């Protein structure tokens, strides 16, 4: 872990790209307020609507930090915990109340049972489960043995890795891949509710 000039080691390191998306700017202001309160030994109020546009919370706590000998914006010089070299840029460092969530991956992890009947012999066996009879996509819910959501961000991550086979597997083979029967004359799909016997008769007519 990196450490500051005073020898303090952070408990948590945040990715800065998470703040513009989540817009948790209040936590950054709280961090400045907590650092200023610790340096001056006082209690400060960082709740909303206490400050205004002329006197912002950043200006108020920035002046308190500067008075205590720290950077106005709460940045500090850090050193690498591996080789001890100084980092090229200053890092925002402060005190903030952070509560750990009780979510555990052991409670959320799920693997659907393998259904070899729904997969061709040419494909390797994959984790599949119940599907919706209309859309042929995996059902929702862990109690139903449903699949895990594979959204746009997951898709973009797979594309960025260049693993096209995984993308095809998740979004096609393990999702709504199906074999459909079409009419040779009009090109329309045959009814999914048609029985095997009726389908055989329909094939002979075509």
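In the numbering used here, the protein residues as written are 7 to 212. All C-beta atoms in this analysis are idealised placements derived from N, C-alpha and C, irrespective of residue type, glycine included. Source: prediction; values computed, not measured.
- Residues bridged to residue 16 by DSSP? As a first step, residue 16 must be located in the chain shown, where it is residue number 10. Partner(s): none; residue 16 has no beta bridge.
- Message: Let me confirm a value: residue 171 is counted as buried when at least 16 other C-beta atoms fall within 10 Å, else exposed. Which label applies?
- Response: Counting from one through the chain shown, the residue named residue 171 turns up at place 165. By the neighbour-count rule (16 or more Cβ atoms within 10 Å), residue 171 is not buried but exposed.
- Query: Nearest-angstrom Cα distance between residue 196 and residue 137?
  - Reply: Numbered from its first residue, the chain shown carries residue 196 at position 190. Numbered from its first residue, the chain shown carries residue 137 at position 131. Their Cα atoms are separated by approximately 20 Å.
- Item | Spatially closest choice to residue 142 from 183, 108 and 103, by CA coordinates | Translated into positions along the chain shown, residue 142 becomes position 136. By alpha-carbon distance to residue 142, the top candidate from 183, 108 and 103 is 183.
- Query: Hey, is the stretch 86 to 94 in contact with the stretch 56 to 67, meaning 3+ C-beta pairs nearer than 8 Å?
  - Reply: Inter-segment contact for the stretch 86 to 94 and the stretch 56 to 67 is absent: fewer than three beta-carbon pairs are separated by less than 8 Å.
- Those residues which DSSP pairs with residue 85 across a bridge: Translated into positions along the chain shown, residue 85 becomes position 79. According to DSSP, residue 85 bridges with 9 and 92.
- Message: Could you check whether residue 68 and residue 78 sit closer than 7 Å to each other, using their CB atoms as the reference points?
- Response: Counting from 1 along the chain shown, the entry for residue 78 is found at position 72. Counting from 1 along the chain shown, the entry for residue 68 is found at position 62. In this structure, residue 68 lies closer than 7 Å to residue 78 by Cβ.
- Cβ neighbours of residue 36 in the same chain (closer than 6 Å, five flanking residues each side left out): Counted from its first residue, the chain shown places residue 36 at position 30. Here the set comprises 52 and 102.
- Query: Going by C-alpha distance, which of 140, 167 and 15 is nearest residue 186?
  - Reply: For the purposes of this step, residue 186 is taken as the residue at position 180 of the chain shown. Of all alpha-carbon atoms in 140, 167 and 15, the one lying nearest the alpha-carbon of residue 186 is that of 140.
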